[in-house]
Ligand SMILES: NC(=O)c1ccc[n+]([C@@H]2O[C@H](COP(=O)([O-])OP(=O)(O)OC[C@H]3O[C@@H](n4cnc5c(N)ncnc54)[C@H](O)[C@@H]3O)[C@@H](O)[C@H]2O)c1
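In the working numbering, the protein residues as written are 606 to 937.
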């Protein structure tokens, strides 16, 4: 019989429930929790019926005491890199929530730690597992001549008040781009290929006075033989479906809008979707990605959405922030 891996989770806030459910479904054993707020670890145990578990407020103490095989990082953005590095230094596999990191300095430190480590790093870019996205990815292997993506959502003062790290440059590392729109931008580069240059503008208009970071962004990316454009805002009056449109090299116009998938405006059959933990979210990505992460570890195969893969969308976003309208290179 297969031996379960011993898994710990750092950060027991909003997204942690998706991880607990997926760890269990992947047949792994949850062995410890960490959150700086004991009320969060206690609350998670109760809410998700996790049973008796050792709880910590210091993640280093947890890693050194429990010595898990793998750790999931579900904390504010600025902590992802130091927490990943601490796990890598101990050869503990790590699944990191997006974004992998928030600066090029952090990326450099992550790469150095990875060179010395035997552990695998996975980044939670779970929308790549959405059936419609996988189909679009397969269909786009022949090439994409142009594409565009839109994320048009509403995040208000109450949302930004839900965590002191939100809406700040030093802890969230950015606004709509590094948080809400990161998944869609990652899908764009996955489908179109990693671009080399970008011109972009970011704005803090509607949420000025509420957040330091951008609430709206536009960008034009130049890639290998294609151009793709991107618009994202959290200043909308409501949440609208994420939209990606791609003109394939073969001429077909593909469009994915959440569950809808069309080719030249004709609907294609859409894979059925479900709620995650009773919450109406787009798809079941965490469950699929986390199962796949553990399959790769158990089979000793490198997980494809690794540190370098997870760094791509971060490098694209950091270039957007640096652009201020100018055409700039996306950093290596
Ligand atoms: N993949 C997705 O679709 C998705 C969706 C939502 C959130 N996320 C990501 O998940 C991460 C967490 O987001 P959230 O919405 O759950 O935030 P949250 O604020 O609800 O939870 C973060 C938790 O981390 C804890 N924490 C802070 N500092 C800590 C430390 N030093 N040690 C241990 N715990 C600490 C906080 O107390 C809090 O309980 C973010 O990176 C976010 O972008 C990803």
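Heads up, the beta-carbon is just placed ideally off N, CA and C, and yes, glycines get one too.
As assigned by DSSP and simplified to three states, the class of residue i
i	result
residue 799	coil
residue 649	helix
residue 922	helix
residue 655	coil
residue 866	strand
residue 927	helix
residue 625	helix
residue 709	helix
residue 895	helix
residue 880	Legend: pLDDT at residue 880 = 39, less than 50; position of this residue unreliable, value from coordinates given subsequently. Note: residue 880 maps to coil in three-state DSSP.
residue 872	strand
residue 671	helix
residue 684	helix
residue 916	helix
residue 885	Its pLDDT being 38, under 50, residue 885 is placed unreliably by the model, and nothing is read from it.
residue 813	strand
residue 794	helix
residue 609	coil
residue 666	helix
residue 747	helix
Near ligand 3: residue i beta-carbon under 8 Å from a heavy atom
i	result
residue 673	Looking for ligand 3 in the displayed structure turns up nothing; the ligands present are ligand 1.
Cβ-based burial, residue i [other Cβ within 10 Å; buried from 16]
i	result
residue 870	exposed
residue 733	buried
residue 642	exposed
residue 720	exposed
residue 932	exposed
residue 838	buried
residue 651	exposed
residue 916	buried
residue 904	exposed
residue 623	buried
residue 727	buried
residue 929	exposed
heavy atom of ligand 1 below 8 Å from residue i C-beta
i	result
residue 689	no
residue 616	yes
residue 620	yes
residue 892	no
residue 660	no
residue 897	no
residue 914	no
residue 807	no
residue 664	yes
residue 652	no
residue 768	yes
residue 753	no
residue 792	no
residue 711	no
residue 640	yes
residue 759	no
residue 733	no
residue 599	Here the chain has residues from 606 to 937 only, and residue 599 is not among them.
Beta-bridge partners of residue i, as assigned by DSSP
i	result
residue 755	836, 848
residue 805	824
residue 678	615, 701
residue 933	803
residue 854	Answer by DSSP bridge pairing: none, since residue 854 is not bridged.
residue 639	615, 661
residue 727	700
residue 781	According to DSSP, which records beta bridges pairwise, residue 781 is partnered with nothing at all.
residue 634	611
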